[in-house]
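Working notes for the structure below.
Number of protein chains: 2
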Amino acid sequence: MKGKCLFKYTNTIVETVGNNGLSLTDIKNISNKIEASYNKLLEKYSNKQLGYMDIIYDDLNKYYELMEHSKDFEYIIVIGMGGSILGTQMVYEGIKGVYYNEYSNKKVYFLDNSDPEKTSDIINLVDLNKTLIFVISKSGNTSETLANFYIIRNLLKNNVKNYNKNIVAIANDGTLRNIAKNENYMLFDVPKNVGGRFSVLSAVGLAPLSCMDIDIEMLMKGAREMDKLCKNDDIFKNPALMNAAIHYILYNNNGKTISVLMPYIERLHKFGMWYRQLWAESLGKDGKGQTPIVSVGAKDQHSQLQLYLDGPRDKIITFLKVNNFKQDLYIKDSNYLNNHTLSELINAEQEGSEAALTSKGVPNVSIILDELNEYTLGKLIFMYEMQTAFMGELLEINAFDQPAVEDGKKITRELLMGKSIEELTGFKSLNNRYIIEM
Amino acid sequence: MKGKCLFKYTNTIVETVGNNGLSLTDIKNISNKIEASYNKLLEKYSNKQLGYMDIIYDDLNKYYELMEHSKDFEYIIVIGMGGSILGTQMVYEGIKGVYYNEYSNKKVYFLDNSDPEKTSDIINLVDLNKTLIFVISKSGNTSETLANFYIIRNLLKNNVKNYNKNIVAIANDGTLRNIAKNENYMLFDVPKNVGGRFSVLSAVGLAPLSCMDIDIEMLMKGAREMDKLCKNDDIFKNPALMNAAIHYILYNNNGKTISVLMPYIERLHKFGMWYRQLWAESLGKDGKGQTPIVSVGAKDQHSQLQLYLDGPRDKIITFLKVNNFKQDLYIKDSNYLNNHTLSELINAEQEGSEAALTSKGVPNVSIILDELNEYTLGKLIFMYEMQTAFMGELLEINAFDQPAVEDGKKITRELLMGKSIEELTGFKSLNNRYIIEM
Chain A
1 MKGKCLFKYT
11 NTIVETVGNN
21 GLSLTDIKNI
31 SNKIEASYNK
41 LLEKYSNKQL
51 GYMDIIYDDL
61 NKYYELMEHS
71 KDFEYIIVIG
81 MGGSILGTQM
91 VYEGIKGVYY
101 NEYSNKKVYF
111 LDNSDPEKTS
121 DIINLVDLNK
131 TLIFVISKSG
141 NTSETLANFY
151 IIRNLLKNNV
161 KNYNKNIVAI
171 ANDGTLRNIA
181 KNENYMLFDV
191 PKNVGGRFSV
201 LSAVGLAPLS
211 CMDIDIEMLM
221 KGAREMDKLC
231 KNDDIFKNPA
241 LMNAAIHYIL
251 YNNNGKTISV
261 LMPYIERLHK
271 FGMWYRQLWA
281 ESLGKDGKGQ
291 TPIVSVGAKD
301 QHSQLQLYLD
311 GPRDKIITFL
321 KVNNFKQDLY
331 IKDSNYLNNH
341 TLSELINAEQ
351 EGSEAALTSK
361 GVPNVSIILD
371 ELNEYTLGKL
381 IFMYEMQTAF
391 MGELLEINAF
401 DQPAVEDGKK
411 ITRELLMGKS
421 IEELTGFKSL
431 NNRYIIEM
Chain B
1 MKGKCLFKYT
11 NTIVETVGNN
21 GLSLTDIKNI
31 SNKIEASYNK
41 LLEKYSNKQL
51 GYMDIIYDDL
61 NKYYELMEHS
71 KDFEYIIVIG
81 MGGSILGTQM
91 VYEGIKGVYY
101 NEYSNKKVYF
111 LDNSDPEKTS
121 DIINLVDLNK
131 TLIFVISKSG
141 NTSETLANFY
151 IIRNLLKNNV
161 KNYNKNIVAI
171 ANDGTLRNIA
181 KNENYMLFDV
191 PKNVGGRFSV
201 LSAVGLAPLS
211 CMDIDIEMLM
221 KGAREMDKLC
231 KNDDIFKNPA
241 LMNAAIHYIL
251 YNNNGKTISV
261 LMPYIERLHK
271 FGMWYRQLWA
281 ESLGKDGKGQ
291 TPIVSVGAKD
301 QHSQLQLYLD
311 GPRDKIITFL
321 KVNNFKQDLY
331 IKDSNYLNNH
341 TLSELINAEQ
351 EGSEAALTSK
361 GVPNVSIILD
371 ELNEYTLGKL
381 IFMYEMQTAF
391 MGELLEINAF
401 DQPAVEDGKK
411 ITRELLMGKS
421 IEELTGFKSL
431 NNRYIIEM
């Protein structure tokens, strides 16, 4: 597999983007902070707090039995929320493409919401007898995951003999793990020190992906290659540390509160969605954090580029570019497009946007993959995990928790147990004012 | 069709969200400005500058011949970029749902990028003999649209007799209109005073939608209902004017530079993508503009909510909520979930997030639809078009142009004509520095 990648930060430097950029002096000025962040993270790693860095050296043999078992099925449903499912979706679409279900005999559905229409649609599209179901919740108690699982399990109970063979659970604890044990499902767990959004290279991602014709060995090989680079204490040779420092400086000194990831290949859209959780949930706390955005090129040039070029100067852009596409097509009959390929067009568009943004003083970095395959995707995933962890240290926050989301969950539970929103929040007196019927 | 909708702005008021909110005094303080903005927009309308407000009263009979013609086809491909395609996708998915292609006999593909893998995939999935192709570019010169069109037209020429019957063009001008006339395609145009991102209720959207089993009469009826409300000069009865004023005040006085649209129904995800263009491209200029973001509930509670609750106080949230889903499912076997439906769960989650955000001082508005159908979607579309136009007046910018995107397009063209990026931008000396191989 072609595996060469480049990280280019030319267009973050004052020489190219002017005052909106940084200088090497800015990096030197915080070199103590960068070194301390690097050391602190490596210390956490030594203290066995960062399981996501260990799991990439795991033995993958544990998935072979499952892989064999999966061959009996024509459909796969993955049930999970957030970090339990986004990584799997990201790798699956990143390798197989957006239209894979319309080509393939084995159809894959991601049940990642509590929208009743989505759950109904998916149930109606599969033959449950021939469906392998992954149900994934590290805590074992995620309400949307359990709700969808209960609905499907009831249907299985009533329609499928030995239905427990149709279910694979990934849960460390809670209701889901209890059910899995009682009903004798195939069961995986996740090292306790691996957080949900950092778990794609654990059983959370690898168990389902091993059943979806994804080369998980190459994915891990890419991650391990990147791991070597990210352990380098020379920032000029460590892309994750350098990109974290660049984002930190531009956030802290230059008011770049928004980080836009802009892949120029549709297969990386879900990588963007995975990145979005990683960056937002890890770093958005204590009033700090950049807001992540995913924009897909070239199409979003016709939607978001006007704002990026001429709106507030609050953004740093990351381009993801692929040199070689799986397929390509020649364009005939035209003027300047004649005898060019579509890949030449989309990459020239990326270069055009990059040049226009740079000349307007919008700082941007580029990650250029020779080709998008399991190996390069593994590199990219691990680079972003490390970059997020370094950024957490630079911001002096804990990148591995998400304390704020509990309040809303509690209110939801109490509403379902019969309390009223007025009792729970006391907004009653206002609720009938400030409404326009339409 | 059920059509009741509510716009609720309770949680933008200081009494609920504290200092991050606004008071009725804030609205009164700028009542002259609001009145002037309202008058200016209505004046532009009187001067026939705002075609998007006129087209909703158009006669729809012109689509009936096309609708009949389309019955001979099993596939539809829509080719277009940005405003030429996002609105059609938004209505199609908004009514038919995400999985429609897997259910329906008539399959619809949106070719909205210059990604060669996407174009190849779509071509391989259809039988061109049985495919009706819409090619849409108001200028007639959009490069990605032409590139995709040339590729498909060549295939049609070589494989389909009377291939011109397979093509419907929507173009006012340029190369595309010339070809359409020369080769005798069915051809529609768009009133000159209707901008791309405001064109979904013109032929741009209505021609393809009329062939996709969408009730375009009801869509227009909804828009016309909303038009009445949006012409009301009393801000307390005009949801578009009120929501524009709220966004303006919170942007201007309270630093809310990011506007998050958060539908709690998957069918409205593409509405968010359409809104994203409308808001960004209309308002992102002269250093001004809010950055729009789409977040889908409940799933993004597991991805973005931590940041919204505990990150920087730079956001206003808009919830889109639907009371009645097309399908629903009962949950059994659980604790607090028992005997609830999935729709009760997702709506309780919306209420939980709303309450949590409000108590943390994050201002939020809600638009509540009794049901999501063509009629309510038409209302929503027109409300957002009016709100964007009012916001443009409040920000004192022209909401109807997009001047900044030309530079990048020019560089792309010149790259394809053989110039080098170094010649065009002069970055050569930097290009080999600031790169990390990986």
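Residue numbers (this note's numbering), protein chains in the order written: chain A, 1 to 438; chain B, 1 to 438. Beta carbons: idealized from backbone N, C-alpha and C, even for Gly.
Using DSSP bridges, identify the partner residues of tyrosine 109 of chain B.
Stepping through the second sequence from its first residue, residue 109 of chain B is reached at position 109. Answer by DSSP bridge pairing, in chain order: B/Ile77.
Using a Cβ-Cβ cut-off of 7 Å, state whether asparagine 154 of chain B counts as contacting chain A.
What you label residue 154 of chain B is simply residue 154 of the second sequence in a count that begins at 1. Output row for asparagine 154 of chain B: interface = yes.
Using beta carbons (cut-off 7 Å, strictly below), is arginine 224 of chain B in contact with chain A?
Counting from one through the second sequence, the residue named residue 224 of chain B turns up at place 224. No, because no Cβ of chain A sits closer than 7 Å to the Cβ of arginine 224 of chain B.
Looking at the strands, I want to know which residues DSSP matches up with cysteine 5 of chain B.
Taking the first residue of the second sequence as 1, we reach residue 5 of chain B at position 5. Paired residues: B/Leu369.
Can we say the stretch 364-378 of chain A touches the stretch 306-325 of chain A, given the rule of at least three CB pairs closer than 8 Å?
yes
Neighbour-count burial assignment, methionine 220 of chain B, 16 or more Cβ in a 10 Å radius:
One-based indexing of the second sequence puts residue 220 of chain B at position 220. Buried, since its Cβ has 16 or more Cβ neighbours within 10 Å.
Which residues mark the beginning and the end of the alpha helix (DSSP H) in which phenylalanine 382 of chain B is found?
As a working note, residue 382 of chain B is residue 382 in the second sequence. Segment 374-395, the alpha helix (DSSP H) holding phenylalanine 382 of chain B.
Can you give the Cα-Cα distance for glycine 297 of chain B and glutamine 89 of chain B, rounded to whole angstroms?
Within the second sequence, the letter at position 297 stands for residue 297 of chain B. Within the second sequence, the letter at position 89 stands for residue 89 of chain B. If you take the alpha carbons of glycine 297 of chain B and glutamine 89 of chain B, they lie about 20 Å apart.
For alanine 147 of chain B and alanine 180 of chain B, the rounded distance between their alpha carbons:
As a first step, residue 180 of chain B is located in the second sequence; it is residue number 180 there, counting from the start. As a first step, residue 147 of chain B is located in the second sequence; it is residue number 147 there, counting from the start. Looking at the two C-alpha atoms, the distance is approximately 15 Å.
Closest by CA to leucine 278 of chain B, which one among B/Asp333, B/Phe325, B/Val322 and B/Val200?
Position 278 of the second sequence, counted from the first residue, corresponds to residue 278 of chain B. When each option's Cα is compared against that of leucine 278 of chain B, the closest is B/Val200.
Interface residues of chain A around glutamine 304 of chain B at Cβ under 9 Å?
For the purposes of this step, residue 304 of chain B is identified with residue 304 of the second sequence, where counting begins at 1. Under the 9 Å cutoff, chain A gives Arg276, Gln277, Ala280, Glu281, Gly284, Thr291 and Pro292.
Using a Cβ-Cβ distance cut-off of 7 Å, determine whether threonine 88 of chain A contacts chain B.
Taking the first sequence and counting its residues from 1, one reaches residue 88 of chain A at position 88. So, not an interface residue.
Would you mind sorting glutamine 301 of chain A into buried or exposed? The rule is 16 or more other CB atoms within 10 Å of its CB.
Walking along the first sequence from the start, residue 301 of chain A turns up at place 301. When all chains shown are included, glutamine 301 of chain A counts as buried.
Below 7 Å between beta carbons: does that hold for threonine 145 of chain B and glycine 80 of chain B?
The residue you call residue 145 of chain B lines up with position 145 of the second sequence. The residue you call residue 80 of chain B lines up with position 80 of the second sequence. Contact flag set, yes.
Neighbour flag for asparagine 113 of chain B against chain A, beta carbons, 7 Å
Position 113 of the second sequence, counting from 1, holds the residue named residue 113 of chain B. Interface residue, yes.
Going by DSSP, what residue range makes up the beta strand (DSSP E) through methionine 262 of chain B?
Here the question's residue 262 of chain B lines up with position 262 in the second sequence. Where methionine 262 of chain B is concerned, the enclosing beta strand (DSSP E) stretches over 258-263.
Given that a residue counts as buried once 16 or more other Cβ atoms are within 10 Å of its Cβ, and exposed if not, what is asparagine 47 of chain A?
Here the question's residue 47 of chain A lines up with position 47 in the first sequence. Exposed, since its Cβ has fewer than 16 Cβ neighbours within 10 Å.
If you run the structure through DSSP and keep just helix, strand and coil, what is lysine 299 of chain B?
The count along the second sequence starts at 1 and reaches residue 299 of chain B at position 299. Lysine 299 of chain B falls in the helix class under three-state DSSP.
Residues of the stretch 163-197 of chain B in Cβ contact with chain A at a cutoff of 7 Å, in chain order, please.
none
Do valine 294 of chain B and arginine 276 of chain B have their C-beta atoms closer together than 7 Å?
Here the question's residue 294 of chain B lines up with position 294 in the second sequence. Here the question's residue 276 of chain B lines up with position 276 in the second sequence. Against a cut-off of 7 Å, the Cβ pair of arginine 276 of chain B and valine 294 of chain B comes out as a contact.
Using a Cβ-Cβ distance under 7 Å, would isoleucine 30 of chain B count as near chain A?
On the second sequence, position 30 is the one that residue 30 of chain B refers to. Isoleucine 30 of chain B does not count as touching chain A.
Local conformation of asparagine 323 of chain B per DSSP, three classes:
Translated into the one-based positions of the second sequence, residue 323 of chain B becomes position 323. Three-state DSSP puts asparagine 323 of chain B in a strand.
Any idea what DSSP makes of glutamate 437 of chain A, helix, strand or coil?
Translated into the one-based positions of the first sequence, residue 437 of chain A becomes position 437. DSSP places glutamate 437 of chain A in strand when its eight states are reduced to three.
What are the partner residues of isoleucine 136 of chain B, as DSSP defines its beta bridges?
If you number the second sequence from 1, residue 136 of chain B lands on position 136. Paired residue(s): B/Ile170.
Against chain B, which members of the stretch 396-407 of chain A pass a CB distance test of less than 8 Å?
Gln402, Pro403, Ala404, Val405 and Asp407
Looking at the unbroken beta strand (DSSP E) that takes in leucine 128 of chain B, where does it start and where does it end?
Position 128 of the second sequence, counted from the start, is the residue given in the question as residue 128 of chain B. Unbroken run through leucine 128 of chain B: none, as it is neither H nor E.
Start and end residues, alpha helix (DSSP H) containing phenylalanine 188 of chain B:
Here residue 188 of chain B corresponds to residue number 188 of the second sequence, with the count starting at 1. No alpha helix (DSSP H) holds phenylalanine 188 of chain B; the beta strand (DSSP E) holding it covers 186-188.
Under 7 Å Cβ-Cβ, which residues of chain A neighbour threonine 257 of chain B?
Residue 257 of chain B sits at position 257 when you count from the first residue of the second sequence. Within 7 Å Cβ-Cβ: Pro312 and Asp314.
Identify the continuous alpha helix (DSSP H) that holds proline 239 of chain A and give its terminal residues.
Translated into the one-based positions of the first sequence, residue 239 of chain A becomes position 239. Where proline 239 of chain A is concerned, the enclosing alpha helix (DSSP H) stretches over 239-252.
Looking at the unbroken alpha helix (DSSP H) that takes in threonine 412 of chain B, where does it start and where does it end?
Taking the first residue of the second sequence as 1, we reach residue 412 of chain B at position 412. Element bounds for threonine 412 of chain B: 406-416.
Let me confirm a value: glycine 284 of chain A is counted as buried when at least 16 other C-beta atoms fall within 10 Å, else exposed. Which label applies?
What you label residue 284 of chain A is simply residue 284 of the first sequence in a count that begins at 1. Burial call: buried.
Whole-angstrom C-beta distance between glutamate 414 of chain B and asparagine 113 of chain A, which should lie under 8 Å:
Position 113 of the first sequence holds residue 113 of chain A. Position 414 of the second sequence holds residue 414 of chain B. That pair is no contact at about 45 Å.
Hey, alanine 245 of chain A and aspartate 310 of chain B: beta-carbon distance below 7 Å or not?
Against the first sequence, residue 245 of chain A aligns to sequence position 245. Against the second sequence, residue 310 of chain B aligns to sequence position 310. Contact: no.
For histidine 340 of chain A and chain B, any beta-carbon pair shorter than 7 Å?
Residue 340 of chain A sits at position 340 when you count from the first residue of the first sequence. Yes, histidine 340 of chain A lies at the interface with chain B (some Cβ there is under 7 Å from its Cβ).
Only counting runs of 4 or more residues, tell me where the alpha helix (DSSP H) segments fall wholly within the stretch 11-37 of chain A, in order along the chain.
14-17 and 24-29
In chain A, what lies closer than 8 Å to threonine 425 of chain B by C-beta?
Against the second sequence, residue 425 of chain B aligns to sequence position 425. What threonine 425 of chain B touches in chain A: Ala355, Thr358 and Ser359.
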